[in-house]
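Quick note, the sequences are listed as chains B and Y, same order. Per this note's numbering, the first sequence starts with residue 1, numbered consecutively. Per this note's numbering, the second sequence starts with residue 534, numbered consecutively. Even glycine gets a Cβ: it sits at the ideal position worked out from N, Cα and C. Predicted model, so just to flag it, every value in this text is computed and none were measured.
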Amino acid sequence: MNQLPLISASESFRRHEILLTGGSGFLGKVILGLLLDRFPDFRHLHFFERPARGMSAEERFYRETLASPALSAIVERLGQDRLRDKVTVWSADLAHANCGVDPNGVEKLAGRVSLIINCAGKVDFFPPVDESFRSNVDGVENVLGLARSLGARLLHVSTCYVRGEADGLAEETEPVLGFYPHRHGPEDHSFRYRDEIAYCRERIRHITSGHGSNGTTLPSDVSQRLVALGRQRARHWGWVNTYTYAKSLGEQIVAAAGAGQDGGPALEYAIVRPAIVESALRFPFPGWIEGGRTAAPLVLMALGGLKDWPVQRDMPLEVVPVDLVAAAILVVAALLLEGRHQPVYQLATADVNPLEMEHLIHLLDREARRRTRARRNGHLSRALLERLAGTHPGARARFVSPAQARAKRRRLQQRLGRIESLLAKARRAWERTGLPGGQGLGAWSAAARALSLQAQFREQTLDTYLPFILYHRYIFESENIRSAYASMTEADRRRLPWDPESIDWDSYWIHNQIEGIERWIQPAAVKDWTFKI
Amino acid sequence: MSSAVQPAVEPASLEAQFLELVRDLLRELGSHRAAEALTLHSSFERDLGLGSLERVELLVRTEVRFQVRLPDEIAQQAETPAEWLRGLREGGQAQQGAQRYRIVQPARPAPPAPAGARSWVDVLRHHAEVEPDRVQIHLLEGDGGEDITYSQLLTRASEVAGGLLARGLRRDETVAIMLPTCSDFFYSFFGVMLAGGIAVPIYPPARPDRIEEYVRRQMSILRNAEVRFLISFAEVRAVSRIMRAGIPTLKDVTTAGALRELGVQASVSQRRGPAKPSETAFIQYTSGSTGDPKGVVLSHANVLANVRGIGWAVQFRSTDVVVSWLPLYHDMGLIGSWLFSVYFAAPITILSPLAFLSRPERWLWALHDSRGTLCPAPNFAYELCARKIRDESLQGLDLSAWRVAINAGEAVLPDTLARFAERFRPFGFRPESYVPCYGLAESSVALTFPPINRPPLIDRIRRDEFEREGRAVPAAPDEPNVLRFVANGTPLPGHEVRLLDEDGHPVGERVQGRIFFRGLSKTAGYYRNLPATAAVTTEDGWMDTGDLGYWAEGELFVTGRRKDCIIKSGRNIIPQEVEAAAGEAQGVRRGCIAAFGTVDPETGTERLVVVAETRATDSSERRRIEADIVQRIDAVLGIPPDRVELVPPQSIPKTSSGKIRRSEVRSLYERGKLEARTRPPWVQVTRLWARHFRSWVKLGAKTWASRLRHLGLSAMSLVIAGFCGVMARLVPGREGSARWARAGARWLLRLQGWQVTMRTANPVGGRRQAVFFANRSHRLDPVLLVAVLPSPVLLADGFAVNAAGVRTRFLLRPLLVRPAAQAQSPPGGTLRERIRAALGRGCSVVVTSEAPAGTPPELSRFRLDALHAAISTSSPMIPLRIEATSASRFIVAVGDPIEPVKCGQVPVTELRERLRRSIAGLGNGRP
Ligand SMILES: NC(=O)c1ccc[n+]([C@@H]2O[C@H](COP(=O)([O-])OP(=O)(O)OC[C@H]3O[C@@H](n4cnc5c(N)ncnc54)[C@H](OP(=O)(O)O)[C@@H]3O)[C@@H](O)[C@H]2O)c1
């Protein structure tokens, strides 16, 4: 069956120059790291970086991106000089035509770059829709334009969750163009990405008119309306948030260009859709993670004593380690360079090695209880209150329906409120007596307040989670990446491993996820944690 | 309705006149005793023996006599003449006041059907999108009505779905719908589908005085279906406590209204992935004239194929209009009428069975008003119309649009066809419209159809050869004693029918055989009833219909049900024939006769028994009737019955659709319990509570003695499980605890009266440790496996153990693979490490599928961790398949061991695939 010669990624990367966008992000860094570490004699990399925090693009690349714990060791090994040789940093923002690269630059790049890996994206769930558009729609159009003028191919990173409410088995062969989650079948042509984009842009213009858009911050009511617009457009078609709606539009722009349906010459492309990208399994080191990723709130809630889980017990959580994703992207890059690619690659794990919620929650729960047993410190007040409120980390996890969970949380809030007001009364009474020791009671009510805030936070977080742990059950078919590996040389397979079937999830969650999250995620980031998928 | 019109009669004499009317009717029916004893407070049913059909007759007579129009319910709900009179005084209304609901014809012909639809949700969504405002249903209620458009149907169904999801309905859980014909039924039916559940329509209680049998029947259905919710009308909540006690899975009894409210508030996102064609769409409980209820599982593909097939057979036109009064819990009403119309976007006019029964002319007027073209009904409906409708109520009726008059669902009688055609020819009915077809719930609804636009083809055959040898020899035109059968046509496209003799060989032309079929509409089987499924399916995919028939001139002639067939003196006698003959006798209640064969324990020969209901109580009268029956049967069949049993009215059990339950009559007869009568409601309720308590103690037992025995047993098993569990914890070493737990498991099985058979080609185990992979079929799988597998065997994960009861948990916990000593985090090491450690110590490990019980074995979910552990310790992997053959019998089939291949040579997922395939293969009777 396999008469075609095996593909060697090392060989391809030696021959072709590659351009990477979004390289300063979580996933981008690992792609960069893998390329530097596993293919030291690659030909050349063009790196698009946005200037930020008072740094120019170049400065930011060397001082911030390369300084990340993920890359510093590799950079040290290679040496800065060699890097300057191999990597050209461009100041670029995808929101502008040609990604903000001036005509001179474009001329320099033309004919050199064979492949653009577009890993940039705005991953917030419900941002003002224009922001999401800038990176995920306009950005894609601009990268595409650039790819055409450079004569390059395009590897576009999207997400599995463009499926939206169309849960169930998601097949890689489902046509990209014309897809929307509520689609009734291939004959349903009611969704045209171009009309939708035009319509949405028109509404954005209408909302922002008179508020001077470029750069200046918009009044909060206007951004509220933009947030609402995104939410409404997404819901209308069945996407669960603005992010996936915009990402799906981005995919369709690429697919239309690929088919030459947008008026331009046909373009060679591949769309790669990772599922939920989480901490590294092995590379750059086990547990590497950055930003408040999707699982972090889940882990922290479990360790922090969430006991009533409104989840579907047998629903698999589609998590995939970041280094597996990065490796797979490089493999697809090699295939694309050799013209042996498929249009869509889904990178997910549950179709071979599912990890069901029940197993995961029990695992986290056991870990939570082990830790409480081990620690035994902290305020007595807090521990007692936790027992009273039924959120003690030492209790056992339960599976409940969302309604039960909601009712329980309401009762908990009431109870905490009552405790708080009782404590306040007691404290006032105590102070009136003029005796010392009122602070002790103060600590108690502070603990009660903290618990109630924590409960509130949990409530909100859980509600964002519900689509993924309760309502929608997806299995993402990941057949293409498996066959892609079958056409790689043995050496490359070892360099860029994709082996979700050998992941020991128990160990991954305890060592890579929990330990990684505790190590690399700042608790300060807690308040604006969102999902990233 | 509110402004009551006084009947033009003096109140005092009203009473007397009405009683006189009833008395006349009773006399005509031969109940002279009852006529004499009649008072204002006699019960129609118990004291006077007036069944629903007789009361329809009474209704008609009352109306003619007093020139009034009465509410329909009166015929079914008034218990006594007094109540009837009250209705007559209050609700009586002048005849001319009757106004029929206006049915507006669709403005446009139907849009093309969604040929590419893969599920019923697709179908509904498609039409709601294409023509949201097209009226789907004209629902006639009383003298009013309601129109339901596609978009209303979708919106309200979505609200119901939202409510169900908010109440926690999960994918593929069952929801019973117990509603009479009303708009809520339609919303609930699609609501359940939209929510990802499986609808189980069941028939609603019609009469308050039938509570006992009713609830008992429903309970066994609901229990078998494992329903989570019951959608019904508000009043049923009253008995819901009783129901919940008997149905462990039942979470709530609720109404469509409540669910919709909840759905609107909760606004849960209710999208689920498009249902796959192979997924179950709903479960149809067959009215099951015999035995326990069987739930026919129908997939989306089954029902779509059937509806498409019917559309092809009737040559559907875009201007067609459907009319139906058939109950919606029944295949002909649900699939053959309603879903058919949903699919083809033909408007359907629906009236309730009650409305039809109380005034059959309503059906015909509905056909007239909506210019109905397609309409299915069983034979008795045609008979009822031919006999019971007064000429006055037919003035102006026009049936000329009616092009397909399907007659199905019970035996099609040539006489009925002739009578109906004759009576309604003046109103434009054409005999070419008749479509006598054959079908069964197991093939969704329809199986064979004759060509349309052809008068029914009637085959006259000689009685003698047919009854003696099963040969259908055409009779000479002048031959007197013949049998007649109506041609049922040829199978729908995508379906095959074959006739086999008792030895399984195909029969020739004009020879009677058992009807087998297969095809696109065929059910996958009965829900959670393997034995019943196995009994009617063959290995190569054919299903035994249980019916008999013969082929002639390329068409199928259905002759009857095999089970009911009476074989006497080497002759096959068809019970319907006997019953029809007996029905001619003076003084018996037509349609309330059962004929069956029973084996005489002394002579070993079959005896023909006829049971007939009669109101006659006078002994000389009864003797006369008996003699009459004997003589009539003898005249027609040439054999007199061996026994004629006269019973009071309401003694013969019937199905929900009015068919005689012959085998039940037979067993009642054999047990001498035939004369049992309906008990007063309070007795029924008390008995129900008694039953409730019984189930509360979890006893199937009937007497106190066995109850005590059972209590003793469960106490004993508690003691044993406790003792063995404690020992398993106390003895040192895994081997010891494994042995104790195994002993405990064996005792538990023995006490439960369970039998487990091992089916294996080569002996299991031996010296070497192995990993066993088992599918999941029952909550107690771990107990079974621990009891039969060679010790020491440990369990991989708490998953399966946790699902079992406390006793089992206590007993088996010591067998869970234990934490590896040195591992700290996660506590005790990962699952993979634990299994590896257990294997390393020479213990075997059992891994059960984590898919929910009932998942087909080829979809079993095994943790890859277990495979990795087996590979790294070179332990063989042994597939097991557990199957329940009855409630207490299990087979554990053992497959060939799969040797672990070093990782890298064969992907671990491929090994898992092999395991699944092997387990799936173990099901087909392999050793
Ligand atoms: N995280 C997940 O679970 C997940 C799952 C599936 C798919 N994905 C996809 O994977 C890609 C990377 O995700 P990530 O998790 O690495 O996100 P991330 O950490 O937020 O990184 C996003 C990257 O995109 C860059 N970017 C965004 N807008 C840009 C613009 N207008 N011009 C130039 N650069 C821009 C960012 O640059 P700055 O640093 O300058 O902001 C950053 O480097 C995204 O396309 C995302 O949709 C992620």
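For residue i, three-class secondary structure by DSSP
i: residue 1217 of chain Y; result: Only weak support exists for where residue 1217 of chain Y lies, its pLDDT of 44 falling under 50; the value from the coordinates is given anyway. Here residue 1217 of chain Y sits in helix by DSSP.
i: residue 817 of chain Y; result: strand
i: residue 224 of chain B; result: helix
i: residue 843 of chain Y; result: helix
i: residue 909 of chain Y; result: strand
i: residue 940 of chain Y; result: strand
i: residue 419 of chain B; result: helix
i: residue 1291 of chain Y; result: strand
i: residue 142 of chain B; result: helix
i: residue 1021 of chain Y; result: coil
i: residue 1270 of chain Y; result: helix
i: residue 1078 of chain Y; result: strand
i: residue 1147 of chain Y; result: strand
i: residue 958 of chain Y; result: helix
Chain B within 8 Å of residue i, Cβ atoms only
i: residue 833 of chain Y; result: no
i: residue 1235 of chain Y; result: Summary for residue 1235 of chain Y: the model assigns pLDDT 43, below 50, so the residue's position carries little reliability; its value from the coordinates is reported in the next sentence. False, the Cβ-Cβ gap to chain B never drops below 8 Å.
i: residue 1442 of chain Y; result: yes
i: residue 1401 of chain Y; result: yes
i: residue 526 of chain Y; result: Limits of chain Y in this structure are 534 at one end and 1460 at the other, which puts residue 526 of chain Y out of reach.
i: residue 655 of chain Y; result: yes
i: residue 794 of chain Y; result: no
Check: residue i C-beta below 7 Å from any heavy atom of ligand 1
i: residue 48 of chain B; result: yes
i: residue 93 of chain B; result: yes
i: residue 510 of chain B; result: no
i: residue 329 of chain B; result: no
i: residue 26 of chain B; result: yes
i: residue 294 of chain B; result: yes
i: residue 344 of chain B; result: no
Residue i and residue j closer than 8 Å at C-beta
i: residue 797 of chain Y; j: residue 783 of chain Y; result: no
i: residue 1000 of chain Y; j: residue 1106 of chain Y; result: yes
i: residue 49 of chain B; j: residue 57 of chain B; result: yes
i: residue 333 of chain B; j: residue 74 of chain B; result: no
i: residue 705 of chain Y; j: residue 724 of chain Y; result: no
i: residue 278 of chain B; j: residue 322 of chain B; result: yes
i: residue 655 of chain Y; j: residue 184 of chain B; result: yes
i: residue 716 of chain Y; j: residue 681 of chain Y; result: yes
Cross-chain neighbours of residue i in chain B, by beta carbon under 8 Å
i: residue 1342 of chain Y; result: Within 8 Å Cβ-Cβ: nothing; residue 1342 of chain Y doesn't reach chain B, min ~14 Å.
i: residue 658 of chain Y; result: 184
Chain-ordered neighbours of residue i on chain Y, where CB pairs are closer than 7 Å
i: residue 507 of chain B; result: 1363
Any chain Y beta carbon closer than 8 Å to residue i
i: residue 353 of chain B; result: yes
i: residue 278 of chain B; result: no
i: residue 504 of chain B; result: yes
i: residue 612 of chain B; result: Given a span of 1 to 533 for chain B in the structure shown, any question on residue 612 of chain B remains unanswerable.
Interface partners of residue i on chain Y, CB under 9 Å
i: residue 314 of chain B; result: 1383, 1384, 1385, 1394
Cross-chain neighbours of residue i in chain B, by beta carbon under 7 Å
i: residue 706 of chain Y; result: Near residue 706 of chain Y there are no residues of chain B at all, since even the closest Cβ is about 12 Å away, more than 7 Å.
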